[in-house]
Amino acid sequence: MISPARPTFRFAPSPNGLLHLGHARSALLNAAMAAQAGGVLLLRVEDIDLARCRPEYEAAICEDLAWLGIAWEPPARRQSEHFDDYRTALVRLGELDLVYESFESRADINRAVRDRPDWPRDPDGAPLFPFRRMAMGVDERARRRAAGEPFALRLDMARAVALAGPLDWQEQGEGAGHGAGHAASIEPRAVAADPLAWGDVVLARKDVPTSYHLSVVVDDALQGVTHVVRGADLTAATSVHRLLQTLLDLPAPLYTHHSLLVDPQGRKLSKSLGSESLRRLRENGATAQEVRRLALDAVD
Numbered sequence: 000m001i002s003p004a005r006p007t008f009r010f011a012p013s014p015n016g017l018l019h020l021g022h023a024r025s026a027l028l029n030a031a032m033a034a035q036a037g038g039v040l041l042l043r044v045e046d047i048d049l050a051r052c053r054p055e056y057e058a059a060i061c062e063d064l065a066w067l068g069i070a071w072e073p074p075a076r077r078q079s080e081h082f083d084d085y086r087t088a089l090v091r092l093g094e095l096d097l098v099y100e101s102f103e104s105r106a107d108i109n110r111a112v113r114d115r116p117d118w119p120r121d122p123d124g125a126p127l128f129p130f131r132r133m134a135m136g137v138d139e140r141a142r143r144r145a146a147g148e149p150f151a152l153r154l155d156m157a158r159a160v161a162l163a164g165p166l167d168w169q170e171q172g173e174g175a176g177h178g179a180g181h182a183a184s185i186e187p188r189a190v191a192a193d194p195l196a197w198g199d200v201v202l203a204r205k206d207v208p209t210s211y212h213l214s215v216v217v218d219d220a221l222q223g224v225t226h227v228v229r230g231a232d233l234t235a236a237t238s239v240h241r242l243l244q245t246l247l248d249l250p251a252p253l254y255t256h257h258s259l260l261v262d263p264q265g266r267k268l269s270k271s272l273g274s275e276s277l278r279r280l281r282e283n284g285a286t287a288q289e290v291r292r293l294a295l296d297a298v299d
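This is how it looks when you write it as structure tokens:
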């Protein structure tokens, strides 16, 4: 684990599509806040989704950042090259008896909650995992493993929260808009974490030996990240991240969750919605200066 000698920030896109203005906003804020703090900006390529992530999108990310005038300290960390780091973390959580195999499919989950409109949902709107860990015996799990059935690994949330105790994180004001980077002068405040709201989250998918929650926590620690600056849509996920940091005895960064850019319908910009890419803006004649202004001109 790296012990950072200076403030360390990171921009961590997934190479599963082209960057849009929302990505530019996050990257520019990270760069501005790193510069103000006399720190360093790292680039992390979050490419655990091997089916959707492509080298040409990673190349496009680097091209877009360079066009915006954003420099980062090489080399970029590719998550797909560090699965062993995530396996090590899973082993440690397993030794605490906090991880179990989940053979249920999404269809199984949907069927279980289909007639339960009151079934609780996580902060992202997905139904909480509706099956109890102890509903399947140890022998049955072993039999299904031996039969080669695919399984995910889930965190026993209730047990994990009981072990970790009450948690919070330090949230600093947003370095957004015309005053990009001013967050460093704002006193952080403690925000209570509520990991139970997420239920038994997936720590390793059936097709990949990790998940977003696990890999982002491990990466931040291994890269010596001291400041996490990311979109407000990830605020609630910080509860899970603080829990994993505590269980794995990892340092907790200082967090800033910035406001999001939205489209005319009020939806956050997204690759899945086909939000206009930085490449398209460039091809249509927009200058880097214009794009920087558009990305940072948000309601704070």
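Each residue of the sequence shown is one higher than the one before, counting from 0 in numbering that gives the first Met the number 0. The C-beta atom is built at its ideal place from N, Cα and C for all residues, glycine as well.
Residue i to residue j span [Cα, whole Å]
i, j, result
"alanine 134", "asparagine 109", "18 Å"
"alanine 111", "alanine 145", "26 Å"
"arginine 291", "leucine 27", "8 Å"
"glycine 16", "leucine 280", "15 Å"
"asparagine 283", "glutamate 72", "30 Å"
"threonine 87", "leucine 247", "10 Å"
"valine 207", "isoleucine 47", "7 Å"
"histidine 177", "arginine 24", "Caution is warranted here: a pLDDT of 37 is assigned to histidine 177, below 50, making its placement in the model unreliable, and the coordinate value is therefore given only provisionally. Taking the straight line joining both Cα atoms gives about 12 Å."
"histidine 212", "arginine 140", "24 Å"
"arginine 115", "leucine 221", "42 Å"
"alanine 231", "glycine 265", "15 Å"
"lysine 270", "proline 12", "12 Å"
"proline 6", "aspartate 155", "34 Å"
"alanine 59", "arginine 278", "8 Å"
"arginine 158", "leucine 97", "7 Å"
"aspartate 199", "proline 129", "9 Å"
"phenylalanine 10", "valine 90", "28 Å"
"alanine 30", "alanine 203", "31 Å"
"histidine 240", "glutamate 275", "31 Å"
"proline 149", "glycine 136", "17 Å"
"serine 101", "alanine 36", "43 Å"
"leucine 260", "aspartate 138", "50 Å"
"glutamate 289", "histidine 19", "14 Å"
"proline 263", "arginine 229", "22 Å"
"leucine 249", "aspartate 63", "32 Å"
"lysine 205", "alanine 189", "35 Å"
"alanine 161", "leucine 293", "45 Å"
"alanine 302", "histidine 256", "The chain is shown from 0 up to 299; residue 302 falls before or after that span and cannot be answered."
"aspartate 299", "isoleucine 185", "Bear in mind that a pLDDT of 41 at aspartate 299, under 50, signals an unreliable position, so the number given afterwards is only what the model happens to contain. Straight-line Cα distance between these residues: approximately 15 Å."
"histidine 226", "valine 216", "12 Å"
Host alpha helix (DSSP H) of residue i (start-end)
i, result
"glutamine 35", "20-35"
"alanine 111", "105-112"
"arginine 153", "It is not in any alpha helix (DSSP H) - arginine 153 instead sits in the beta strand (DSSP E) that spans 151-154."
"glutamate 275", "Taken as a continuous stretch (DSSP letters only), glutamate 275 belongs to no alpha helix (DSSP H), as it is neither H nor E."
"glutamate 289", "287-295"
"glutamate 139", "137-145"
6 Å CB neighbourhood of residue i in its chain, flanking five on each side removed
i, result
"alanine 75", "Leu42 and Val44"
"alanine 34", "none"
"glutamine 78", "Glu45, Asp46, Ile47 and Ser214"
Residue span of the beta strand (DSSP E) that contains residue i, given as start and end
i, result
"glutamine 169", "167-170"
"leucine 9", "Looking at the sequence shown, residue 9 is not leucine but arginine. Unbroken beta strand (DSSP E) run through arginine 9: 7-10."
"glutamate 100", "98-101"
Classification of residue i by the beta-carbon crowding that lies within 10 angstroms, buried from 16 upward
i, result
"valine 224", "buried"
"threonine 286", "exposed"
"glycine 68", "exposed"
"glutamine 171", "buried"
"glutamate 57", "buried"
"proline 194", "buried"
"glutamate 80", "exposed"
"glycine 21", "buried"
"tryptophan 197", "buried"
"arginine 113", "exposed"
"aspartate 218", "buried"
"alanine 192", "buried"
"glycine 38", "buried"
"leucine 272", "exposed"
"alanine 106", "exposed"
"alanine 4", "exposed"
Contacts around residue i, its chain only, beta-carbon distance under 7 Å, and the 5 residues preceding and following it disregarded
i, result
"threonine 245", "Ala163 and Leu166"
"arginine 142", "none"
"proline 187", "Gln169, Glu170, Gln171 and Leu253"
"proline 14", "Val44, Asp46, Cys52, Arg53, Tyr56, Glu57 and Ile60"
Cβ-heavy atom distance, residue i to the ligand SAH, below 7 Å
i, result
"valine 201", "Of ligands this structure carries none, so the ligand SAH is not represented either."
Neighbourhood of residue i by C-beta distance below 8 Å, restricted to the same chain and skipping five residues each side
i, result
"arginine 120", "Pro126 and Leu127"
"proline 122", "Ala196, Trp197, Ala235 and Ala236"
Check: Can you list the alpha helix (DSSP H) stretches of 4 or more residues lying completely in the segment 30-82, in chain order?
Finding: The qualifying runs are 54-67.
Margin query: Going residue by residue through the segment 181-269, where are the continuous beta strand (DSSP E) segments of at least 3 residues, counting only ones entirely within it?
Written below: Qualifying beta strand (DSSP E) stretches, in chain order: 188-191, 201-203, 226-230 and 253-257.
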